[in-house]
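Those letters in the sequence shown? Residues 276 to 394, per the working numbering, in order.
All C-beta atoms in this analysis are idealised placements derived from N, C-alpha and C, irrespective of residue type, glycine included.
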Amino acid sequence: VLSMADVLDLVGDKIVDYLDMDVQSGELPLMRGEGAASLVKQRVRRIQIGTHGSEIHQEIKQLLLGVGMDLVTDLPYNPQTQRCDSTARTGRQTDPSCLTWTEFGPIYVRDGLLGFSNP
276 VLSMADVLDL VGDKIVDYLD MDVQSGELPL MRGEGAASLV KQRVRRIQIG THGSEIHQEI
336 KQLLLGVGMD LVTDLPYNPQ TQRCDSTART GRQTDPSCLT WTEFGPIYVR DGLLGFSNP
């Protein structure tokens, strides 16, 4: 299992412009690791994290807000994924109770999504 320090060490001492994390329920252990949120604040300009549970989503949001990252995207995890997947037709979800309303209109969110920028 890699730590955030291990991940960022892959690029040496460079600043990371964009980090996309989708580690299928491993996001919380990674972000809870020693100094992980502070390391993101020091070394990452923008980060996007796929979340796989409501509690995971909220805790990661608080961790990164707590170190001063700016929240730019907050699409919550959909706990109704199984039911909603069964109502999707030909790749489209039309059940209003399964859609997340955004500034761009309704979208079907399965995993949660958090996006942060470093001010």
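* Beta carbon of R385, beta carbon of T356: below 8 Å? -> yes
* What does Y293 pair with, by DSSP beta-bridge criteria? -> R321
* Please go through the same chain and pick out, in chain order, the residues whose beta-carbon is closer than 8 Å to the beta-carbon of Q368, but skip the five residues on each side of it. => C359, T362, L374 and Y383
* Output yes or no for whether 8 Å exceeds the beta carbon distance between Q323 and M296. => yes
* Asked: Since P354 and S372 are thought to touch, with beta carbons under 8 Å apart, how far apart are those beta carbons, to the nearest angstrom?
  -> Not quite, the Cβ-Cβ distance comes to about 12 Å (not below 8 Å), so this is no contact.
* **Residue span of the alpha helix (DSSP H) that contains S392, given as start and end** => Note, S392: premise wrong, no alpha helix (DSSP H); beta strand (DSSP E) at G387 to S392.
* Asked: In whole angstroms, what separates the C-alpha of P381 from that of E302?
  -> 26 Å
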